[in-house]
Amino acid sequence: IEMHTHDDFGMATANALAGIKAGATYVNTTVNGLGERAGNAALEEVVMALKYLGKVDMGLQTSRFRELAEYVAAASARTIPAWKSIVGTNVFAHESGIHADGVIKNPLNYEAFAPEDVGLERQIVVGKHSGSRTIYRKFQEFGLELTQEDCDGILALVRKTAVELKRALFDKELMYVYQDYLTRLGDAVPIGNHRGVDSGDPDDAVPAPGAAS
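Under this note's numbering, the first residue of the sequence shown is numbered 330, with each subsequent residue one higher.
Below, the structure is given as structure tokens:
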């Protein structure tokens with residue numbers, strides 16, 4: 330028995346998996362779900378679903394799925410939506426303060442598998458939905474230790490800027506926001522003085538130096 334499914338109702342992959350469960354020997358798939366009309370079951374979706382939901386490893390080098398998806402997209406003159414299951418660039422991008430904090434603490438809170446498994450990288454996106462812990466972690470990457478007050482002040486400017494631009498901010502833009510924050514403070518108030526200040530919200534407070542994160 331061979332399964333050949335189309336994605337008219339967004340169920341090509343689900344139907345392919347149902348066919349396998351029901352005893353199908355073969356399943357037709359295409360990279361990126363590329364196919365006639367609504368497309369077909371996507372190879373990368375079926376393989377990863379079998380591996381992580383069905384506990385069946387097909388033995389493929391899945392870490393090259395993103396590379397393969399890009400190759401097929403270029404050859405077919407089709408773009409890969411950022412939100413495309415498995416290989417989209419947004420699959421492991423976290424902006425919401427709750428999501429970012431949760432995935433930093435334990436990736437399994439929001440990710441079904443490691444981004445490296447399909448050739449992607451995790452991204453902590455800073456934008457209008459971000460929280461102060463995201464700001465704290467992001468500026469740690471820049472070598473800056475911020476206080477809770479610093480994070481709250483920078484976050485307000487980040488959200489304002491992100492709303493104006495209608496998108497998340499790039500790292501360079503974050504440094505512009507940081508400089509804007511310093512300018513607004515003036516020289517009287519030091520930035521990054523290595524103090525941890527609790528705002529009263531245990532889920533949003535940045536840790537004091539030496540505290541477990």
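From the three backbone atoms N, C-alpha and C, an ideal C-beta is built for every residue, glycine too.
All figures in this text were calculated on a predicted structure; none of them were measured in a lab.
Comparing C-alpha positions only, which one of the options sits nearest to residue i?
| i | options | result |
| --- | --- | --- |
| L372 | V416, A406, G352 and A351 | V416 |
| K495 | E474, G362 and K457 | K457 |
| G482 | T418, V432, N344 and I464 | I464 |
| A378 | I453, A398, S414 and T418 | S414 |
| M387 | R462, V376 and E399 | V376 |
| S405 | V360, Q508 and G383 | V360 |
Using the C-alpha atoms, what's the distance from residue j back to residue i?
| i | j | result |
| --- | --- | --- |
| R366 | P436 | 36 angstroms |
| L503 | K350 | 49 angstroms |
| E374 | D446 | 13 angstroms |
| M340 | G362 | 11 angstroms |
| R395 | L449 | 7 angstroms |
| F499 | E493 | 14 angstroms |
| V454 | K501 | 13 angstroms |
| Y400 | G515 | 51 angstroms |
| N419 | P410 | 9 angstroms |
| D479 | F421 | 27 angstroms |
| F442 | W412 | 16 angstroms |
| K434 | F471 | 20 angstroms |
| Q477 | Y381 | 39 angstroms |
| L473 | D509 | 16 angstroms |
For residue i, which residues of its own chain have a beta-carbon under 7 angstroms away from its beta-carbon, when the five flanking residues on both sides are left out?
| i | result |
| --- | --- |
| G348 | M332 and V356 |
| T408 | A402 |
| D530 | The predicted position of D530 is uncertain, since its pLDDT is 40 and thus under 50; a value taken from the coordinates is nonetheless stated next. Result list for D530: empty, nothing under 7 angstroms. |
| A517 | The predicted model places A517 with a pLDDT of 39, which falls under 50 and marks its position as unreliable, so this point remains unresolved. |
| P519 | Its pLDDT being 47, under 50, P519 is placed unreliably by the model, and nothing is read from it. |
| I330 | G352, A353 and T354 |
For residue i, which residues from the same chain have a beta carbon less than 8 angstroms from its beta carbon, with the 5 sequence-adjacent residues on both sides left out?
| i | result |
| --- | --- |
| H335 | A341, G364, E365, R366, A367, G368 and N369 |
| Y439 | H423, H428, G431 and V432 |
| V506 | I483, L486, V487, T490 and L498 |
| G426 | H458, S459, G460, S461, R462, T463 and D533 |
| L389 | V376 |
If you follow the alpha helix (DSSP H) that residue i is part of, which residue opens it and which one closes it?
| i | result |
| --- | --- |
| M387 | Taken as a continuous stretch (DSSP letters only), M387 belongs to no alpha helix (DSSP H), as it is neither H nor E. |
| V432 | G426 to K434 |
| A378 | L372 to Y381 |
| S459 | S459 -> no alpha helix (DSSP H), and no H or E assigned at all. |
| Y439 | Per DSSP, Y439 belongs to no alpha helix (DSSP H) and is neither H nor E. |
Looking only at its chain, what residues have a beta carbon closer than 6 angstroms to the beta carbon of residue i, apart from the 5 residues adjacent to it on each side?
| i | result |
| --- | --- |
| D532 | Caution applies to D532, whose pLDDT of 42 falls short of 50 and renders its modelled position unreliable; the value that the coordinates give is listed next. If we look at D532 and ignore the five residues flanking it on each side, it has no Cβ neighbours. |
| R451 | F421 and P444 |
Between residue i and residue j, which are expected to be in contact by the criterion C-beta below 8 angstroms, what is the C-beta distance as a whole number of angstroms?
| i | j | result |
| --- | --- | --- |
| T358 | A345 | 7 angstroms |
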